[in-house]
Amino acid sequence: MRFVPLDTPKPISKIGLGTWQFGSKEWGYGPDYERRAADIVRRALDLGVTLFDTAEVYGFGRSERILGAALGADREKVVVASKVFPVLPVAPVVQQRAVASAARLGVQGIDLYQVHQPNPVVADTTTMRGMRALQDVGLVAEVGVSNYSLRRWRFAEAALGRRVLSNQVRYSMIDRGPEEDLIPYAEQAGRIVIAYSPLAQGFLSGRYDAKHPPSGAVRRANPYFLPVNLERGTALIATLREVADAHDATPSQIALAYLLHHPNVVAIPGASGVEQMERNAAAAEIDLGADEYAALAAAARQFRPVTGLAAVPRLIRARVGK
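Positions in the sequence shown are counted from 1; adding 1 to them yields my numbering.
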């Protein structure tokens with residue numbers, strides 16, 4: 002396993018484990034998934050993964066409980082990250098919710114506590130006042146944000162008066178917005194971009210095509226999985242397969258390696274089983290050549306999916322089977 006080259010109390014692995022699916026039926030992994038979750042976490046630990054990301058809203062607290070129980074005595078050795086859902090994120094509420102998350106996780110302190118979404122009404126000034134108080138009493142080690150623009154990330158840091166270590170954002174080969182400003186800022190300032198949905202919910206795995214769309218409510222609601230977009234993605238998947246063959250790897254591993262090419266980027270893919278966890282972790286060891294990275298970037302730029310309002314009628318038709 003490789004780690005982010007930053008001075009942090011605990012090393013942060015380049016591949017982490019995202020646990021949205023722990024306790025969340027909408028992913029469609031089946032009723033036995035919670036039992037498998039412990040095996041996935043234990044294998045991740047064996048492979049050197051040190052970053053485990055959850056949130057109070059995932060499974061309405063079940064994800065935190067499942068993760069904490071699975072980590073067991075290793076909770077204090079790794080970076081346990083959670084997120085506060087920003088409904089009225091004023092200082093006292095942030096503090097209360099952190100205490101509740103720590104209790105569900107079974108930890109004395111949360112290594113990385115993140116604001117899940119920017120609140121359009123409540124200023125980060127009061128939110129970060131609560132975060133600063135949590136740091137002062139030792140309940141929170143590092144503060145992070147999620148889904149923040151660069152401008153708001155920097156404002157949050159000014160409000161905290163300390164570093165806001167990370168910004169967790171949607172980042173994959175087909176969601177490359179962070180490459181424009183967030184990643185350059187992270188590299189310049191010594192911060193981290195945490196990539197969630199780094200495989201675009203499995204789109205980049207090559208498992209799906211127009212005749213074999215995914216199941217599960219989350220993916221069915223994602224416009225990337227419309228037949229037209231699965232068809233348009235054929236060339237991108239072909240490039241991923243070509244590079245994967247050169248490395249004796251899978252398209253998913255190459256898609257992760259593309260992100261990890263940036264030194265201050267961490268990816269937190271989920272895993273439906275131990276084997277997938279193993280494949281994800283192995284991606285941290287893949288070194289892409291400059292020509293390979295350029296070919297992947299070019300293929301990603303050429304992919305033009307139907308999204309936004311234009312995708313809505315197609316999503317409706319797909320849901321009703323017409």
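Glycine is no exception: its CB is placed at the ideal position from the N, C-alpha and C atoms.
Remember, predicted model here, so these are calculated numbers, not experimental data.
{"query": "For Glu-180, collect the residues of the same chain with a Cβ closer than 7 Å to its Cβ; drop the 5 residues on either side in sequence, then sort them by chain order.", "result": "none"}
{"query": "Measuring straight from C-alpha to C-alpha, what distance separates Ala-296 and Ala-187?", "result": "24 Å"}
{"query": "Quick one: residues in its chain with C-beta nearer than 7 Å to the C-beta of Trp-154, no 5 flanking neighbours on either side, listed in chain order?", "result": "Val-146, Val-165 and Asn-168"}
{"query": "On the three-pair Cβ rule with 8 Å, is the stretch 86-101 touching the stretch 127-135?", "result": "yes"}
{"query": "By how many angstroms is the C-alpha of Ala-245 removed from the C-alpha of Gly-29?", "result": "Low local confidence applies: a pLDDT of 48 at Gly-29 is under 50, so the model's placement there is unreliable, and no value is given."}
{"query": "From Ala-298 to Met-174, what distance separates their C-alpha atoms?", "result": "8 Å"}
{"query": "Assuming Leu-72 contacts Val-79 (C-beta within less than 8 Å), just tell me the rounded distance between them.", "result": "7 Å"}
{"query": "On the three-state DSSP scale, how would you describe Gln-22?", "result": "coil"}
{"query": "Looking at the unbroken beta strand (DSSP E) that takes in Ser-147, where does it start and where does it end?", "result": "141-147"}
{"query": "What separation, rounded to the nearest whole angstrom, lies between the Cα atoms of Phe-226 and Phe-204?", "result": "7 Å"}
{"query": "Quick check: what's the CA-CA separation for Val-55 versus Gln-254?", "result": "One detail in the question is off: residue 55 reads as Thr in this sequence, not Val. If I take the Cα positions, the gap works out to 22 Å."}
{"query": "Per the contact definition of three or more C-beta pairs closer than 8 Å, is the stretch 226-245 in contact with the stretch 260-274?", "result": "no"}
{"query": "Within this structure, are the beta carbons of Ala-160 and Asp-125 separated by less than 8 Å?", "result": "yes"}
{"query": "Should Gly-290 go down as buried or exposed, given a rule of 16 or more other Cβ atoms within 10 Å for buried?", "result": "exposed"}
{"query": "What number of angstroms, rounded off, separates the C-alpha of Gly-131 from the C-alpha of Val-85?", "result": "11 Å"}
{"query": "Going by DSSP, what residues sit across from Tyr-197 in a beta bridge?", "result": "Arg-171"}
{"query": "State the DSSP-derived secondary structure class of Asp-250, mapped to helix, strand or coil.", "result": "A quick correction: the sequence has Ala, not Asp, at residue 250. DSSP places Ala-250 in coil when its eight states are reduced to three."}
{"query": "So the candidates are Asp-75, Ala-70 and Glu-35; which of them puts its Cα closest to the Cα of Gly-49?", "result": "Asp-75"}
{"query": "Given Asn-230, which residues of its chain have a CB within under 7 Å of its CB, disregarding the five upstream and five downstream residues?", "result": "Pro-224, Pro-306 and Val-307"}
{"query": "Within its chain, find whatever has a CB closer than 7 Å to the CB of Ala-301; leave out the 5 residues flanking it on each side and keep chain order.", "result": "Met-174, Ile-175, Arg-177 and Leu-237"}
{"query": "Strictly by DSSP, which residues pair up with Ile-16?", "result": "Ala-268"}
{"query": "Short of 6 Å in beta carbon distance, which residues of its chain neighbour Met-2, apart from the five on each side in sequence? Order them along the chain.", "result": "Ser-14, Gly-49 and Ala-285"}
{"query": "Taking the C-alpha atoms as reference points, what is the distance between Gly-19 and Val-58?", "result": "13 Å"}
{"query": "Kindly list the residues whose CB is nearer than 7 Å to the CB of Gly-191, restricted to its own chain and excluding five residues on each side of it in sequence; keep chain order.", "result": "Leu-7"}
{"query": "Determine the DSSP secondary structure at Gln-277, reduced to helix, strand or coil.", "result": "helix"}
{"query": "Do you know offhand how far Thr-240's Cα is from Gln-202's?", "result": "19 Å"}
{"query": "If we ignore side chains and look at the alpha-carbon of each, how far apart do Val-141 and Gly-107 end up?", "result": "14 Å"}
{"query": "Tell me which residue opens and which closes the beta strand (DSSP E) that Gln-115 is part of.", "result": "111-116"}
{"query": "Could you say which of Val-94, Leu-89, Asn-148 and Leu-151 lies nearest to Val-123 if we only look at CA atoms?", "result": "Leu-89"}
{"query": "Residue range of the beta strand (DSSP E) that Val-81 falls in?", "result": "80-85"}
{"query": "Cα-Cα, which of Gln-189, Pro-252 and Ala-272 is closest to Glu-293?", "result": "Pro-252"}
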